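Input: a single structure, listed below in structure tokens.
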Amino acid sequence: MFSQNRVIRWLFWIICGILLLLFVYLLMTLFPFYQTVLTSIWHIVTPFLLAGIIAFLLHPFVEKIHNYRIPRWLAITLIYLVFFGGLGYLGYLIYPDFISQLRDLQENLPKFIHTYRTTIYQIYESTSFLPETFHDRMDLFFNQLEDFLSQRITSSLKNVTKIFDLFVIIAVIPVLVFYMLKDYKLIKSTAWKLIPKRYRENSKALWPDINKSLGGYIRGQLLVCLFVGLTTYIILLIIHMKYPIILAILMGITNIIPYFGPIIGAVPAVIIAFTMSVKQVIYVVIGVIVVQLIEGNLLSPYIVGKSVHLHPIIIIFALLIGGEIAGVIGMIVAIPLATVLKVIIHHIKDFKSPN
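See below:
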């Protein structure tokens with residue numbers, strides 16, 4: 001049973017963790033050297049983190065196959081080959097077109113911005129009654145938008161074409177995943193020994209719930225994002241939209257952010273469609289609405305909704321905090337962290353009042 005003092009101790013350590021994160025952020029802001037050091041450490045840790053997440057997601061499938069009296073090593077090999085073989089084949093199919101579309105987008109970005117500005121200037125003429133400062137601010141906004149998009153696309157192109165770094169990650173992660181799946185029980189028992197003895201009994205009940213909620217949410221979201229990406233790609237091909245692979249991948253990835261994600265992902269598609277024709281904008285908007293209606297009313301409630309059980313207000317609050325701290329990445333990890341925190345709080349309440 002958790003005493004009042006123990007609950008206070010939990011809250012104390014949570015607050016200490018938040019303050020530590022704020023301190024690290026302040027240190028990186030004031031002293032760029034530490035930011036370089038932490039960035040290097042992050043690059044080293046990232047393959048292990050990604051491999052751990054993949055192993056965490058694949059482990060239940062290994063166990064299900066193993067339950068059919070198939071040797072564990074064979075179950076791991078089957079899941080391993082299906083997962084990484086599928087990813088490799090998908091990458092082989094889309095990589096050339098993705099790079100080609102990204103380069104074309106970079107080259108034509110000034111043209112798109114010019115076409116977009118021409119339309120905006122037409123709007124200026126029809127809104128000439130508005131204060132001049134309003135139009136000045138609009139000019140400043142579009143100048144900043146052009147610079148921002150150009151820098152981001154150029155940066156993305158450079159990052160994608162860092163073949164050696166990409167090859168190292170591609171080569172290391174599958175090896176790490178294999179050994180993590182192979183030695184899953186050993187890793188679990190080692191982590192168990194690191195937990196202080198007085199907390200082990202409580203952790204027995206806590207971990208399965210976290211595993212169920214967090215694992216179910218992540219697997220469900222990945223399935224939903226895959227559906228959104230594939231469906232969007234097909235729709236963009238049908239309506240002859242430019243850069244279908246880039247836009248479909250963007251919409252699929254941003255869809256993992258509840259409420260705001262579909263809007264964030266749709267904005268670039270609408271902007272590019274706006275430079276083509278008004279009819280194309282209508283087609284894109286209708287396509288996005290259809291995909292989101294299917295995703296929001298059929299898929300998410302059954303695939304994701306049963307795992308999270310968070311009130312929409314809590315979700316929005318978590319997204320705003322995550323976005324403020326770490327931008328888009330913060331918004332992506334906000335809901336999984338909120339899910340884990342909810343399970344922990346639920347268990348604290350149960351431990352306080354077991355009856």
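Here UniProt numbering is used: the first residue of the sequence shown is 1, the next is one more, and so on. Each residue gets a CB set at the ideal place from its N, CA and C atoms; glycine is no exception. Quick caveat, the model's predicted, so the values are computed rather than measured.
- Task: In angstroms with no decimal places, state the Cα-to-Cα distance between F48 and Q280.
- Result: Counted from its first residue, the sequence shown places residue 48 at position 48. Counted from its first residue, the sequence shown places residue 280 at position 280. About 43 Å.
- Query: Fully enclosed by the stretch 223-308, which alpha helix (DSSP H) runs are 4 residues long or longer?
  - Reply: The stretch 223-308 is shown to contain whole alpha helix (DSSP H) runs of 4 or more residues at 244-254, 261-274, 278-294, 300-303 and 305-308, in chain order.
- Item | Cβ neighbour criterion (16 or more within 10 Å) applied to Q221 | Walking along the sequence shown from the start, residue 221 turns up at place 221. Buried, since its Cβ has 16 or more Cβ neighbours within 10 Å.
- Between T275 and G265, is the Cβ-Cβ spacing less than 7 Å? Walking along the sequence shown from the start, residue 275 turns up at place 275. Walking along the sequence shown from the start, residue 265 turns up at place 265. It is not a contact, given that the beta carbons lie outside the stated cut-off.
- Whose CA, out of Y95, M241 and V228, lies closest to the CA of I289? Position 289 of the sequence shown, counted from the start, is the residue given in the question as residue 289. Of the listed residues, the one whose Cα sits closest to I289 is V228.
- Does DSSP classify P110 as helix, strand or coil? Numbered from its first residue, the sequence shown carries residue 110 at position 110. Here DSSP, grouped into helix, strand and coil, assigns P110 to helix.
- Query: So, is I329 buried or exposed, given that buried needs 16 or more other C-beta atoms within 10 angstroms?
  - Reply: Taking the sequence shown and counting its residues from 1, one reaches residue 329 at position 329. So I329 counts as exposed.
- Cβ of V168 within 6 Å of any heavy atom in the ligand ZN? Of the ligands one can find in the structure shown there are none, so the ligand ZN has no counterpart to examine.
- Skipping 5 residues on each side, what residues in its chain have a beta carbon closer than 7 Å to that of E101? Your numbering for residue 101 matches position 101 in the sequence shown. One point to set straight first is that residue 101 is Gln, not Glu, in the sequence displayed. Excluding sequence positions up to five before and after Q101, its CB lies within less than 7 Å of the CB of Y243, I245 and I246, all in the same chain and listed in chain order.
- Item | Three-state secondary structure assigned by DSSP to Y179 | As a working mapping, residue 179 is identified with position 179 in the sequence shown. Note: Y179 maps to helix in three-state DSSP.
- Extent of the continuous alpha helix (DSSP H) run through Y184: Start at 1 with the first residue of the sequence shown, and residue 184 comes out as number 184. Note, Y184: alpha helix (DSSP H), Y184 to L194.
- Task: Classify G261 as buried or exposed, calling it buried when 16 or more other Cβ atoms lie within 10 Å of its own Cβ.
- Result: As a first step, residue 261 is located in the sequence shown; it is residue number 261 there, counting from the start. Buried is the call here.
- Can you give the Cα-Cα distance for Y184 and I173, rounded to whole angstroms? Taking the sequence shown and counting its residues from 1, one reaches residue 184 at position 184. Taking the sequence shown and counting its residues from 1, one reaches residue 173 at position 173. For Y184 and I173, the distance between alpha carbons rounds to 16 Å.
- Item | DSSP three-state assignment for P71, whether helix, strand or coil | By one-based count along the sequence shown, residue 71 stands at place 71. The DSSP-derived three-state label of P71 is coil.
- Of the residues I235, L186, L58 and Y283, the one placed nearest F84, counting alpha carbons only: The residue you call residue 84 lines up with position 84 of the sequence shown. When each option's Cα is compared against that of F84, the closest is L58.
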